[in-house]
Amino acid sequence: MIDSVQHKAQLRDYFDGAGFERWTAIYGQGELGRVRRSIRVGHDRMLKQAATWLSEAGIGPGMRVLDAGCGTGLWSVALAEQGCLVTAVDIAPKMVAATRARAEERRVVDRLTLLTGDLEQVRGSFDVVVCFDVLVHYPPPSFAALLSRLAACSAGPLLLTYAPRKPLLAALHWVGGHFPQGQRRTEIQMIPPQAVKTMLATAGMHVRHSTNINHGFYHVQLVEAYPDSIFS
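Position 229 of the sequence shown, counting from 1, maps to 214 under our numbering, and the rest follow consecutively.
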């Protein structure tokens, strides 16, 4: 079993190398094979649902947003275009550079603060915290630590995705492990939904919305949680 430092180093190397090429293609507009195309469609559906929840919550111009694990900047730039002030963080330097390039192209780079590093080291208070398709790469102990850190940063909604431990997802992950190397994802860490709910409660968060987003090889649980103080 590798320790958390080694695990993070592996993730950084992957998303700064082969993973960067893979996810740049998935988040782009070019032609894809069946597996990656299904992931693109599923990811798009997830972002649309997240956008609906944030719209209902009244998130808008001037609000401070933390995009924890910004990837190539799809979400960070979209929020900056809406007038939000976004702090975009990623463990992989290439991902942060891609986010900067996207922001410069859309002329919103002045609304972004770009950081390269470990999410557990993020500090500050934000009106909104989002963490999409990042926690799926962390086993329970690291998952819980990251969730606690993100909750501590959120003065309002915390939106996140994780891989729920379910027989279908486990079967798909097993099948994916037998695909050609170029088609494989990184290892997905599945967490029981009740365990995630308990972790959020321990971190002082109350789940308002939770829904499963399934399409082909994209299977995540999308959650919106708020600090308990908002409901007291």
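Ideal Cβ positions, reconstructed from N, Cα and C, are used throughout, including at glycine. No experiment lies behind these values; they were computed from the predicted model shown.
Exercise. What number of angstroms, rounded off, separates the C-alpha of residue 103 from the C-alpha of residue 76?
Worked result: Here the question's residue 103 lines up with position 118 in the sequence shown. Here the question's residue 76 lines up with position 91 in the sequence shown. So the alpha carbons of these two residues sit roughly 6 angstroms apart.
Exercise. Looking at residue 91 and the ligand GDP, is the gap between the Cβ and the nearest heavy atom below 6 angstroms?
Worked result: In the structure shown, the ligand GDP is absent, as is every other ligand, since no ligand is present at all.
Exercise. Can you tell me whether residue 149 is buried or exposed, with buried defined as 16 or more other CB within 10 angstroms of its CB?
Worked result: Counting from 1 along the sequence shown, the entry for residue 149 is found at position 164. Per the 10 Å Cβ criterion, buried.
For this session: From the DSSP output, in three-state form, read off residue 57 for me.
Result: The residue given as residue 57 occupies position 72 in the sequence shown. Secondary structure at residue 57: coil, using DSSP grouped into helix, strand and coil.
Problem set entry | Three-pair Cβ contact test at 8 angstroms for the segment 105 to 122 versus the segment 79 to 91 | No, the segment 105 to 122 does not touch the segment 79 to 91.
Problem set entry | Strand pairing of residue 116, partner residues [DSSP] | Here residue 116 corresponds to residue number 131 of the sequence shown, with the count starting at 1. Residue 116 is bridged to 145.
Exercise. What three-state label does DSSP hand residue 172 in the structure shown?
Worked result: Start at 1 with the first residue of the sequence shown, and residue 172 comes out as number 187. Assigned with DSSP and collapsed to three states, residue 172 falls in coil, not helix or strand.
For this session: Mind checking who residue 75 pairs with in its DSSP beta bridge?
Result: The sequence position of residue 75 within the sequence shown is 90, counting from 1. When DSSP reads this structure, residue 75 sits in a beta bridge with 101.
For this session: Enumerate in chain order the residues of its own chain whose CB-to-CB distance from residue 124 is below 7 angstroms, with the five nearest sequence positions on each side excluded.
Result: Mapped onto the sequence shown, residue 124 falls at position 139. The residues are 174.
Exercise. Within 10 angstroms of its Cβ, does residue 33 collect 16 or more other Cβ (buried), or is it exposed?
Worked result: Taking the first residue of the sequence shown as position 1, residue 33 is located at position 48. Residue 33 counts as exposed, since fewer than 16 other C-beta atoms from the protein chains shown sit within 10 angstroms of its C-beta.
Exercise. The beta strand (DSSP E) with residue 212 in it runs from where to where?
Worked result: Here residue 212 is taken as the residue at index 227 of the sequence shown, counted from 1. For residue 212, the uninterrupted beta strand (DSSP E) run begins and ends at 203 to 212, by DSSP.
Exercise. In this structure, does DSSP put residue 51 in helix, strand or coil?
Worked result: Position 66 of the sequence shown, counted from the start, is the residue given in the question as residue 51. Residue 51: strand per DSSP, three-state reduction.
Problem set entry | Span separating the alpha-carbon of residue 30 from that of residue -10 | Looking up residue 30 in the sequence shown gives position 45. Looking up residue -10 in the sequence shown gives position 5. Between the alpha carbons of residue 30 and residue -10 lies a gap of roughly 33 angstroms.
For this session: Could you check what DSSP says for residue -11 in three-state terms: helix, strand or coil?
Result: Your numbering for residue -11 matches position 4 in the sequence shown. Correct three-state label for residue -11: helix.
For this session: Go ahead and label residue 139 buried or exposed: buried means 16 or more other beta carbons lie within 10 angstroms of its beta carbon, across all protein chains shown.
Result: Counting from one through the sequence shown, the residue named residue 139 turns up at place 154. Classification of residue 139: buried, given that the 10 Å Cβ count is 16 or more.
Exercise. Within 10 angstroms of its Cβ, does residue 21 collect 16 or more other Cβ (buried), or is it exposed?
Worked result: To locate residue 21, count along the sequence shown from 1; it is residue 36. With at least 16 other beta carbons inside 10 angstroms of its own, residue 21 counts as buried.
Exercise. Within 10 angstroms of its Cβ, does residue 214 collect 16 or more other Cβ (buried), or is it exposed?
Worked result: Locating residue 214 in the sequence shown gives position 229, counting from the first residue. Looking at its Cβ environment, which holds fewer than 16 other Cβ atoms inside 10 Å, residue 214 is exposed.
Problem set entry | 7 angstroms Cβ shell around residue 114 - same chain, five flanking residues per side excluded | To locate residue 114, count along the sequence shown from 1; it is residue 129. 51, 53, 135, 138, 139, 143, listed in sequence order.
For this session: Look at the alpha carbon of residue 165 and the alpha carbon of residue 5, and state the distance between them as a whole number of angstroms.
Result: Walking along the sequence shown from the start, residue 165 turns up at place 180. Walking along the sequence shown from the start, residue 5 turns up at place 20. Residue confidence for residue 165 is low, a pLDDT of 49 falling below 50, so the modelled location carries little weight and cannot support an answer.
Exercise. What three-state label does DSSP hand residue 184 in the structure shown?
Worked result: Here residue 184 is taken as the residue at index 199 of the sequence shown, counted from 1. In the structure shown, residue 184 sits in a helix (DSSP, three-state: H, G or I).
Exercise. Do residue 65 and residue 74 have their C-beta atoms within less than 7 angstroms of each other?
Worked result: As a first step, residue 65 is located in the sequence shown; it is residue number 80 there, counting from the start. As a first step, residue 74 is located in the sequence shown; it is residue number 89 there, counting from the start. The answer is no: Cβ separation not under 7 angstroms.
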